[in-house]
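Enquirer: First to last, the protein sequences are chains A, B, C, D, E and F.
Just so it is clear: in the first sequence, position 25 is 25 by full-length UniProt numbering, and no numbers are missing.
Just so it is clear: in the second sequence, position 215 is 215 by full-length UniProt numbering, and no numbers are missing.
Just so it is clear: in the third sequence, position 5 is 5 by full-length UniProt numbering, and no numbers are missing.
Just so it is clear: in the fourth sequence, position 60 is 60 by full-length UniProt numbering, and no numbers are missing.
Just so it is clear: in the fifth sequence, position 18 is 18 by full-length UniProt numbering, and no numbers are missing.
Just so it is clear: in the sixth sequence, position 57 is 57 by full-length UniProt numbering, and no numbers are missing.
C-beta: ideal position from N, C-alpha, C; glycine also.
Protein chains: 6
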Amino acid sequence: MRIDGRKNEGLRPIKLTRNYTKYAEGSVLIEMGDTKVLCNASIEEKVPPFLKGSGEGWITAEYNMLPRSTQSRKPRDIAKLKIDGRTMEIQRLIGRALRSVVDLKALGEKTIWIDCDVIQADGGTRTASISGAFVALVDAVNRLHKNQPFKVFPIRSFVGAVSVGILNDEKIIDLCYEEDSKAKVDMNIVMTDSGEFIEVQGTGEESPFSRKDLDELLSLGERGVKHIIQAQKDVLKTDSLWIGTGGK
Amino acid sequence: MRIDGRKNEGLRPIKLTRNYTKYAEGSVLIEMGDTKVLCNASIEEKVPPFLKGSGEGWITAEYNMLPRSTQSRKPRDIAKLKIDGRTMEIQRLIGRALRSVVDLKALGEKTIWIDCDVIQADGGTRTASISGAFVALVDAVNRLHKNQPFKVFPIRSFVGAVSVGILNDEKIIDLCYEEDSKAKVDMNIVMTDSGEFIEVQGTGEESPFSRKDLDELLSLGERGVKHIIQAQKDVLKTDSLWIGTGGK
Amino acid sequence: MRIDGRKNEGLRPIKLTRNYTKYAEGSVLIEMGDTKVLCNASIEEKVPPFLKGSGEGWITAEYNMLPRSTQSRKPRDIAKLKIDGRTMEIQRLIGRALRSVVDLKALGEKTIWIDCDVIQADGGTRTASISGAFVALVDAVNRLHKNQPFKVFPIRSFVGAVSVGILNDEKIIDLCYEEDSKAKVDMNIVMTDSGEFIEVQGTGEESPFSRKDLDELLSLGERGVKHIIQAQKDVLKTDSLWIGTGGK
Amino acid sequence: MRIDGRKNEGLRPIKLTRNYTKYAEGSVLIEMGDTKVLCNASIEEKVPPFLKGSGEGWITAEYNMLPRSTQSRKPRDIAKLKIDGRTMEIQRLIGRALRSVVDLKALGEKTIWIDCDVIQADGGTRTASISGAFVALVDAVNRLHKNQPFKVFPIRSFVGAVSVGILNDEKIIDLCYEEDSKAKVDMNIVMTDSGEFIEVQGTGEESPFSRKDLDELLSLGERGVKHIIQAQKDVLKTDSLWIGTGGK
Amino acid sequence: MRIDGRKNEGLRPIKLTRNYTKYAEGSVLIEMGDTKVLCNASIEEKVPPFLKGSGEGWITAEYNMLPRSTQSRKPRDIAKLKIDGRTMEIQRLIGRALRSVVDLKALGEKTIWIDCDVIQADGGTRTASISGAFVALVDAVNRLHKNQPFKVFPIRSFVGAVSVGILNDEKIIDLCYEEDSKAKVDMNIVMTDSGEFIEVQGTGEESPFSRKDLDELLSLGERGVKHIIQAQKDVLKTDSLWIGTGGK
Amino acid sequence: MRIDGRKNEGLRPIKLTRNYTKYAEGSVLIEMGDTKVLCNASIEEKVPPFLKGSGEGWITAEYNMLPRSTQSRKPRDIAKLKIDGRTMEIQRLIGRALRSVVDLKALGEKTIWIDCDVIQADGGTRTASISGAFVALVDAVNRLHKNQPFKVFPIRSFVGAVSVGILNDEKIIDLCYEEDSKAKVDMNIVMTDSGEFIEVQGTGEESPFSRKDLDELLSLGERGVKHIIQAQKDVLKTDSLWIGTGGK
């Protein structure tokens, strides 16, 4: 049994609150246990220079932890005039994950800014950011679609993410902070609702892992992402214009 | 009647939620209507260089708007490598306001970091930050006091703040964003529970104002701060070790 | 009697030297006792992006202390890659004060840059900057007016500024550095020649102040600004094309 | 057949030149085809603050592309005052990979700086950096060991890295730039000489990939890393004090 | 005859005003015609890390042009977060020139900061900075000497500087801005009062120059520096404790 | 005899390797003894803003030392967010030296970027950068000329550079690091193949030097640059379209 009583394959309670703030075109608070991330999607009617005139859109993400989202206060990036490397790595991951399920041609020359601000961090903030930001993205695209319907709805599939890892020789899912800080192997898995992989990142900085370990972690992660995508579908199904391949 | 139906002297509903996040020594979400600011107070067991060895403590504040707390997305400071001037001005104001009611000698060589992160901005974020941060500060000092009682409780009085202004020749209080953006005169008032002033800042960039206008705005603000301080007392009275001069 | 022999309501000697440098369209050295600030006004034939095409002009100010304008050497901003908060606050104040008396539509699509560089700081540098920069601004606008007369002269009224404060329970005006560093309450007052307020900023970080204190400080400041504006008029009257409402 | 005539499972020619520069404690030029990276290892007799007094050492990596290592000139980071996100991601990966095979306690309170400077980039610079930097690291540790033998030689195993990907539905290894820029799936694999994984990073930004694809890519990568580690052993075996588990 | 009526070998009027500001240990305004530079010398009772414990002192210089010291307004360095290259080059030159005539061991563990702020720039600001800063340096060292006499007075010789150049095939000295901007060859010469060279920097970016040109420019410069050093001696002789080798 | 057995007037072995990397339009590795600098020239089909529409081209240089090109590791500029002053000075020198021999009108609206990256530093990196970069520049201009012949070949003369100095009262040329760090006088000389000077920079920070010293150093440098330019001609003569004034 785990620190918080979960089974190895047990996710923490997921809660997705849509329209959490009033200005953003998509605004979702995702809670995975005590991890809370505010994911806002903003539409901008222009694209970065490298896409100007291409007819294609862009999705870019920024990730940030509020200074006291963590156990000890983390100074703001601006105080050091540098984005820290971990933040940079995470926001690139979120951006790639969301772009991978969007038809940027169908979107047209717009940028969707994804802001993931961590209110409280208890492990798994990067995967929660992806899972929450996807719902905010759907809401933002729905809003565009209502004003002026796309020929092809620009979102191609659902995307969800989860962490898995090895702690005390057990393979576990959705690690809380205490587990995460002790785990020997740490892996993040990003998948679509058709069960395909978008991104797999596994690190054994503390100790290398075997092919067999890797296989088991992948299987554990696959099952977890399915649950998370189901939660996304549940919260969207009441009014989203699109709800996966079957729902266009 | 005002845009949202209030009278000139009417405040928006105030809501103070204590213990909003779990790590900070003091954590308060303040809502003034649609303005929502998360105010966290963190204790650090050291002081800035200029106070080392002095026996005195310090209180410093950082203020930040989440990128989509506003109507159109505001880029993060780190993207420009500069804190914008307005942010700098506001965080200095918050710091001064809180320090003015704290006995820094009684506090001893500690720094209390105040982080005011604006989740949603609908006018009056700087005054809401002061009013909310004060409650977070009391909670943080209470926590210190429980572990190791101070000889003199370091907080000397309550402090609250409110905005007033002149719009269409009417003097109004607690301006929402729409009012604020049209007001000719804009004033922020910071006061203690004994009815004294900590800070008065009035600007007539659009149009100068007379001594009589100034006097009326001050009176309007005085009444408003009293209500806000009452709300602080209400939310603290259940369990705070200190609840103003009478409650030490 | 005060440190330097002045009465409570006595200003230090004011000296305004026009055409202090040869390149700037307006160049004024203001001296208030030992406080010396070089105020240059420069015309630029374009406006910031947010005004492009609006037909309106802009006035922006930068304030800077030379490293050894102060008792101990103050490192340059560039050495820390950051403008310090106090500087930011002051340059925003100077900009607001000057814009408030200028008809930006009448000015047309131009920017006037105000550079206030403190040569020697002995208290009251921000108010001296406003009082001196106004004269530089008039000279720069006069120069434009000579080349190509404005339909409406863009300056609407004089603006002057002074500091007041409470030291040893006495209300005093135009504090020198030694007084300023010990004062309990510190207030800056910016007014027009018609006796209206542009900006009022009072801070009681060391100790709160009563409504009665505030009223007395305002009255003291009102009288002081009148003298300062008179000095501006005296130095401009020989050749300025505009010399207040009566002199257009 | 691939662009450059290789089979899907064929690596480009590997060349490791030791002692490439004269000052660094370890200095290796690695060439994988036209990709050329200079990997220098430098010993510093102190550790970052978070390890001071811990008795443990640290390994940190910096990665940089010379401006004209690429087809079109890439501006230097300093010109933008920002390390770009890709660089940050890569240098964190290199650092983790090398730390994972070093016993930091056995190393003692020293920092080993790894500098990977890309002279010419033709795909796979991050994996080449890891493979080359490992040899530089061994040389630097050998040098320490000669001066003052470690009780336990701090390097625990060999580490090598390779890229794999999917291009035109073919799984290929060690992609050159032209292949890399067209590949749908891109994966980097870091392994030890005992065949265990240190890091697996696979991205399908262009198109998601199936579990079967993932399995095949992993197998392809495993075989490639073996060859690379063999090349490391070949170049070290003449004089290295340590040459894998059997050679301590 | 030159633009301003001077002969080829004629310097502009030199004016050195000591004690220009009241806080700096040495404060000199140097005027060479319309070029005006404020040179302040500040004593700091510590040295940079590389000299800690060495018993030696240090002299470092900062150079800066006020934004409107030039014909068109030059943005401040802090606005671009970068010191411009020319500034960097000049402040390094000033520092080297002054250190070359100071016995840093005799000075002891102190830093003397030299701040050269250009009030008005009409050519030759770098050489004027050196000539003026030297006098400020002498005043600062005199002040130290009065408080606690040095065993060996730390200044070894006078140092002065002048610019020379080739314009319309004429060799001229002390170029004003208009001449400088058209000159084909530009040279700065820094010398001691014993007629030795400290620094020679000649550039023929517009057109290369012969050995004969170089020789003539050097001779012209030698004569000019002598005059400048005489002006330094004249202004110091009334009360300086040291006035060159003969005056210790 | 010198440290490495050379005579006072002896250069170290010069080696110029053309086409050192494959992407740059000109790519030269220059070796002067153990000093190794990679000089790449890149063509960009636009000019900086101040030349837009002028019909003229531009040449700009960047200089950088790899972190372990030196005896102890030198942190990268980006780690301090500042280009260090010495680097700035050197890259400005390289830019001026190359522009001085190029007819920027004949070049037309193009920028040639010169990147000098020091692989190994053993004294004289700035002069080696100039000598090597010139060959890279010729190769880049040759490439342009082959595609579309210039009316006037834009390079007007060869340019080479060498260091000279005074060590132990001996005048020596092409100082290695050990000599350079002990020399009293240090001078860099940049000349054309017609024996004219482009730049002369001599510094006697440690001790001033006489006119006679200066004359001897200049003569020593003149002879050295001739040899270096001969080496440039030798390496270019096989295939360069231009090989000095006689070879247009």
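What is the rounded straight-line gap between the Cα of E179(D) and the Cα of P49(A)?
Expert: Cα-Cα distance, rounded: 25 angstroms.
Enquirer: From the beta carbon of M88(E), is the nearest beta carbon of chain F less than 7 angstroms away?
Expert: Yes, contact with chain F.
Enquirer: Is the stretch 132-139 of chain D touching the stretch 5-25 of chain D in the sense that three or more CB pairs, one from each, lie closer than 8 angstroms?
Expert: They touch, by the three-pair rule.
Enquirer: For Q201(B) and chain C, any beta-carbon pair shorter than 7 angstroms?
Expert: Yes, Q201(B) lies at the interface with chain C (some Cβ there is under 7 angstroms from its Cβ).
Enquirer: How would you call R223(E), buried or exposed, if buried means at least 16 neighbouring beta carbons within 10 angstroms?
Expert: The residue is exposed, with fewer than 16 neighbouring Cβ atoms inside 10 Å.
Enquirer: Using a Cβ cut-off of 7 angstroms, pull out every chain D residue sitting near R99(A), in sequence order please.
Expert: Those within 7 angstroms of R99(A) in chain D are E205.
Enquirer: So what's G85(B) in DSSP terms, helix, strand or just coil?
Expert: In this structure, G85(B) counts as helix in the three-state DSSP scheme.
Enquirer: Quick test of your reading: L38(D) and D117(F), contact by CB under 8 angstroms. State the CB separation rounded to the nearest angstrom.
Expert: Between D117(F) and L38(D) the Cβ distance is about 10 angstroms, and since that is not below 8 angstroms, they are no contact.
Enquirer: Can you look up N188(F) in the DSSP assignment and give me helix, strand or coil?
Expert: Strand.
Enquirer: Roughly how many angstroms lie between the CA atoms of D215(E) and G33(D), to the nearest whole one?
Expert: One C-alpha to the other measures close to 54 angstroms.
Enquirer: Assess contact between the stretch 120-129 of chain C and the stretch 159-175 of chain C, defined as three or more Cβ pairs (one per stretch) separated by less than 8 angstroms. Is contact present?
Expert: Because the criterion of three Cβ pairs below 8 angstroms is met, the stretch 120-129 of chain C and the stretch 159-175 of chain C touch.
Enquirer: Give me, in chain order, the residues of the same chain whose beta-carbon lies closer than 8 angstroms to that of G244(C); leave out the 5 immediate sequence neighbours on both sides.
Expert: So the qualifying residues of the chain are S157, F158, D193 and K233.
Enquirer: Alpha carbon to alpha carbon, how far is T87(D) from N64(D)? Give it in angstroms, no decimals.
Expert: So the two alpha carbons sit approximately 7 angstroms from each other.
Enquirer: From the DSSP output, in three-state form, read off G221(D) for me.
Expert: The answer is helix: DSSP assigns G221(D) an H, G or I state.
Enquirer: What residues of chain A sit near S210(D), judged by a beta carbon separation below 7 angstroms?
Expert: Near S210(D) (Cβ distances below 7 angstroms), the residues of chain A are E196.
Enquirer: If A97(B) sits next to V190(B), beta carbons under 8 angstroms apart, how far is it from one beta carbon to the other, in whole angstroms?
Expert: Going by Cβ atoms, the distance from A97(B) to V190(B) rounds to 5 angstroms, so yes, they are a contact pair.
Enquirer: Alpha carbons only, please: which of F197(D), D169(D), L241(D) and G195(D) is nearest the one belonging to S207(D)?
Expert: It is D169(D).
Enquirer: Looking at C-beta atoms only, is the number of pairs between the stretch 103-112 of chain A and the stretch 50-60 of chain A that lie closer than 8 angstroms three or more?
Expert: Judged by Cβ distances under 8 angstroms, the stretch 103-112 of chain A makes contact with the stretch 50-60 of chain A, as three or more pairs qualify.
Enquirer: In the structure shown, what three-state DSSP assignment does E31(B) receive?
Expert: It is a strand residue.
Enquirer: Spatial neighbours of K182(D) within its chain, please: CB distance less than 7 angstroms, with the 5 preceding and 5 following residues excluded, ordered by chain position.
Expert: Counting only Cβ-Cβ distances below 7 angstroms, and skipping sequence neighbours, we find L167.
Enquirer: In chain D, which residues lie with their C-beta within 7 angstroms of the C-beta of L81(F)?
Expert: In chain order: L81.
Enquirer: Residues of the UniProt domain "Exoribonuclease phosphorolytic" (11-140) of chain A with a CB closer than 7 angstroms to any CB of chain D: list them in chain order, please.
Expert: So the list reads G85, M88, E89, R92, R96, R99 and S100, given in the order they occur along the chain.
Enquirer: Give the residues from the stretch 174-191 of chain E that approach chain F closer than 7 angstroms (Cβ to any Cβ), ordered along the chain.
Expert: Cβ contacts with chain F come from no residue of the stretch 174-191 of chain E.
Enquirer: Taking C-alpha atoms, which residue in E199(F), C176(F) and T17(F) lies nearest to G5(F)?
Expert: Here the closest residue by C-alpha is C176(F).
Enquirer: What's the C-alpha gap between A128(E) and V135(B)?
Expert: The straight-line gap from Cα to Cα measures roughly 58 angstroms.
Enquirer: Mapping DSSP to helix, strand and coil, what is T127(C)?
Expert: Reduced to three states, the DSSP call for T127(C) is helix.
Enquirer: N147(C) to R92(C), Cα distance in whole Å?
Expert: Rounded to the nearest angstrom, the two C-alpha atoms are 30 angstroms apart.
Enquirer: Taking S214(E) as the query, report the chain F residues whose CB atoms sit under 9 angstroms from its CB, ordered along the chain.
Expert: Reading off the sequence shown, one finds Leu at residue 214(E), where the question assumed Ser. Per Cβ cutoff of 9 angstroms: F197, V200 and L218.
Enquirer: Taking the beta carbon of E45(A) as the centre, do at least 16 other beta carbons fall within 10 Å, making it buried, or is it exposed?
Expert: With fewer than 16 Cβ atoms within 10 Å of its Cβ, E45(A) is classed as exposed.
Enquirer: Going straight from the alpha carbon of I30(C) to that of R73(E), what length do you get?
Expert: Each residue's alpha carbon lies about 20 angstroms from the other.
Enquirer: What would DSSP say about Y177(D), mapped onto helix, strand or coil?
Expert: Helix.
Enquirer: DSSP beta-bridge partners for W113(A)?
Expert: BP columns for W113(A) point to S42(A) and T60(A).
Enquirer: Cα separation between V185(E) and G202(E)?
Expert: Rounded to whole angstroms, V185(E) to G202(E) spans 7 angstroms at the Cα level.
Enquirer: If we call anything under 7 angstroms between Cβ atoms a contact, is I43(B) one with K110(B)?
Expert: Yes; because the gap between Cβ atoms is below 7 angstroms, this pair is in contact.
Enquirer: Give every residue of the same chain whose Cβ lies closer than 7 angstroms to the Cβ of G247(A), excluding the five residues on either side of it in the sequence, and list them in chain order.
Expert: Annotation note: pLDDT 40 at G247(A) (below 50); position unreliable, coordinate value reported separately. None.
Enquirer: Can you tell me which residues form a DSSP beta bridge with S163(E)?
Expert: DSSP lists N188(E) as partners of S163(E).
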